[in-house]
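Participant: Under the numbering used here, the first residue of the sequence shown is numbered 7, with each subsequent residue one higher. Backbone N, C-alpha and C define an ideal beta-carbon position, used for all residues, glycine too.
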Amino acid sequence: MENSEEEFKLLSGFESSFFIKDNMTLKERYTKALKWWEETNPNADTELVFHNNFELLIAVMLSAQCTDARVNQVTPFLFKEYPDAEALSKASIDNILRIINSISYPNAKAEHLSRTSRILVEKYNGEVPSEYDDLLALPGVGRKTANVIRVCAFGIPAMPVDTHVFRVANRIGLTNTSTPEATEKELLRNIPKEKLGKAHHWIVLHGRYICTAIRPHCDKCGLTTCCKFYEKEVGKHK
Ligand code: SF4
7 MENSEEEFKL LSGFESSFFI KDNMTLKERY TKALKWWEET NPNADTELVF HNNFELLIAV
67 MLSAQCTDAR VNQVTPFLFK EYPDAEALSK ASIDNILRII NSISYPNAKA EHLSRTSRIL
127 VEKYNGEVPS EYDDLLALPG VGRKTANVIR VCAFGIPAMP VDTHVFRVAN RIGLTNTSTP
187 EATEKELLRN IPKEKLGKAH HWIVLHGRYI CTAIRPHCDK CGLTTCCKFY EKEVGKHK
């Protein structure tokens, strides 16, 4: 359900920053960006609504290639009828589908929710596991989803890379990468561990509301002095 690398580049509005000349060190770029996000959005968090790890897992699975706002409209009905893994594991695919029908890829997601809930009940006593490999083995859970669960549910340092994180990190010049995996590795290498939990939300929200894929709102952005894309594409026209 997570995007292929080519889809990822298309959806993220990817532009290679390879030819852009550096005017500051990588460390300075990270320091400036993290400082600005910390000052302007100290309480950054996921926009998905959830009350426990099971709800978080289901909401993140539903949010693949779908907006958090849409997921938040649907999950209250789903969780009212099926409040835990045990209940959802017994639900018919048709009824799950009826509830999540307005979400992208409902057929595949209904199937994944059902199979994942069964595994949670059979292998983990209805709980959500915290180990990366255990999460990744759940149907409908890819690398990004597993990392979101580790950060948001268990506070384990990780960097989930979605299309926003991929685009924003490469535009600013925090990374110079062409795959989500390479982006994840670069960000993990350069962001202090204690800031990783927040950093994921900072970058996602920045991509969602300011550094948007089609027309980034550079006039509202405090990162113009450390952004490679701005220096190359916007600053030169001023
Ligand atoms: S200056 Fe523009 S391109 Fe750079 S991070 Fe900000 S919004 Fe994105």
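(1) Whole angstroms is fine: what's the gap from residue 26's alpha carbon to residue 129's?
(2) Measuring alpha carbon to alpha carbon, tell me which residue in 33, 31, 53 and 126 is nearest residue 210.
(3) Should residue 36 go down as buried or exposed, given a rule of 16 or more other Cβ atoms within 10 Å for buried?
(4) Leaving out five residues before and five after residue 163 in sequence, what residues of the same chain have Cβ atoms less than 6 Å from its Cβ?
(5) Using DSSP with H/G/I as helix, E/B as strand and the rest coil, what is residue 25?
(6) For the alpha helix (DSSP H) holding residue 238, just list the boundary residues, first then last.
(7) Mind listing, in chain order, the residues whose beta carbon lies closer than 7 Å to a non-hydrogen atom of the ligand SF4?
(8) Under DSSP, the alpha helix (DSSP H) around residue 162 begins and ends at which residues?
(9) Enumerate, from N- to C-terminal direction, the unbroken alpha helix (DSSP H) stretches of 4 or more residues contained entirely within the stretch 107-178.
(10) Figure out for me which residue from 76, 88, 127 and 233 has the closest Cα to the Cα of residue 112.
(11) For residue 102 and residue 116, I'd like the C-alpha separation in whole angstroms.
(12) Cutting at 6 Å between CB atoms, please list the residues of its own chain near residue 197, excluding the five before and the five after it.
(13) What whole-angstrom Cβ distance do residue 132 and residue 65 have, given they're in contact under 8 Å?
(14) Please state whether DSSP places residue 76 in a helix, a strand or coil.
(15) Determine the DSSP secondary structure at residue 82, reduced to helix, strand or coil.
(16) Pick helix, strand or coil for residue 101, following the three-state DSSP scheme.
(17) Return the residue from the list 237, 157, 84 and 225 that minimises the CA-CA distance to residue 178.
(18) Of the residues 61, 93, 97 and 96, which one's Cα is nearest the Cα of residue 80?
(19) From which residue to which residue does the alpha helix (DSSP H) around residue 203 run?
(20) Buried or exposed for residue 168, going by 16 or more other Cβ atoms inside 10 Å?
(21) The alpha helix (DSSP H) with residue 189 in it runs from where to where?
(22) Note down the Cα distance separating residue 31 from residue 239, rounded to an integer number of angstroms.
(23) So which of 71, 138, 143 and 109 has the shortest CA-CA distance to residue 123?
Facilitator: Once the coordinates are examined:
(1) Here residue 26 refers to the residue found at position 20 when the sequence shown is read from its first residue. Here residue 129 refers to the residue found at position 123 when the sequence shown is read from its first residue. With a pLDDT of 45 at residue 26, under the threshold of 50, the predicted position of this residue should be treated as unreliable, though the coordinate-derived value follows. Straight-line spacing of the CA atoms in residue 26 and residue 129 works out to 50 Å.
(2) The sequence position of residue 210 within the sequence shown is 204, counting from 1. For the residues 33, 31, 53 and 126, the minimum Cα distance to residue 210 belongs to 53.
(3) One-based indexing of the sequence shown puts residue 36 at position 30. By the 10 Å Cβ count, residue 36 comes out buried.
(4) Taking the first residue of the sequence shown as 1, we reach residue 163 at position 157. Result list for residue 163: 199 and 202, in chain order.
(5) Taking the first residue of the sequence shown as position 1, residue 25 is located at position 19. Any answer about residue 25 is weak, because its pLDDT of 42 lies below 50 and its placement is not dependable; what the coordinates show is given next. Looking at residue 25 - three-state DSSP - the assignment turns out to be coil, as it is neither helix nor strand.
(6) Your numbering for residue 238 matches position 232 in the sequence shown. No alpha helix (DSSP H) contains residue 238, which DSSP labels as neither H nor E.
(7) Residues close to the ligand SF4 by the beta carbon criterion (under 7 Å to any non-hydrogen atom) are, from first to last along the chain, 174, 177, 178, 212, 216, 217, 222, 223, 224, 227, 229, 230, 233, 235, 236 and 240.
(8) For this step, residue 162 is matched to residue 156 along the sequence shown. Per DSSP, residue 162 belongs to no alpha helix (DSSP H) and is neither H nor E.
(9) Every unbroken stretch of the alpha helix (DSSP H) spanning 4 or more residues and falling wholly within the stretch 107-178 is given here in chain order: 112-130, 138-142, 149-160 and 169-178.
(10) Locating residue 112 in the sequence shown gives position 106, where the first residue counts as 1. Cα-wise, what sits closest to residue 112 is 76.
(11) Translated into positions along the sequence shown, residue 102 becomes position 96. Translated into positions along the sequence shown, residue 116 becomes position 110. In a straight line, the C-alpha of residue 102 is about 6 Å away from that of residue 116.
(12) Position 191 of the sequence shown, counting from 1, holds the residue named residue 197. The answer, listed in chain order, is 205.
(13) On the sequence shown, position 126 is the one that residue 132 refers to. On the sequence shown, position 59 is the one that residue 65 refers to. The C-beta distance from residue 132 to residue 65 rounds to 17 Å, too long to fall under 8 Å, and the pair is not in contact.
(14) Residue 76 sits at position 70 when you count from the first residue of the sequence shown. Reduced to three states, the DSSP call for residue 76 is helix.
(15) Here residue 82 is taken as the residue at index 76 of the sequence shown, counted from 1. Helix, per DSSP.
(16) For the purposes of this step, residue 101 is taken as residue 95 along the sequence shown, with counting starting at 1. If DSSP states are grouped into helix, strand and coil, residue 101 belongs with the helices.
(17) Here residue 178 is taken as the residue at index 172 of the sequence shown, counted from 1. The residue among 237, 157, 84 and 225 with its C-alpha nearest the C-alpha of residue 178 is 237.
(18) Here residue 80 refers to the residue found at position 74 of the sequence shown. The option with the nearest alpha carbon to residue 80 is 61.
(19) Along the sequence shown, one-based indexing puts residue 203 at 197. For residue 203, the uninterrupted alpha helix (DSSP H) segment begins and ends at 202-215.
(20) What you label residue 168 is simply residue 162 of the sequence shown in a count that begins at 1. Buried is the call here.
(21) What you label residue 189 is simply residue 183 of the sequence shown in a count that begins at 1. Here the alpha helix (DSSP H) through residue 189 covers 186-196.
(22) To locate residue 31, count along the sequence shown from 1; it is residue 25. To locate residue 239, count along the sequence shown from 1; it is residue 233. The alpha-carbon atoms of residue 31 and residue 239 are separated by roughly 20 Å.
(23) By 1-based counting over the sequence shown, the position of residue 123 is 117. The shortest Cα separation from residue 123 among 71, 138, 143 and 109 belongs to 143.
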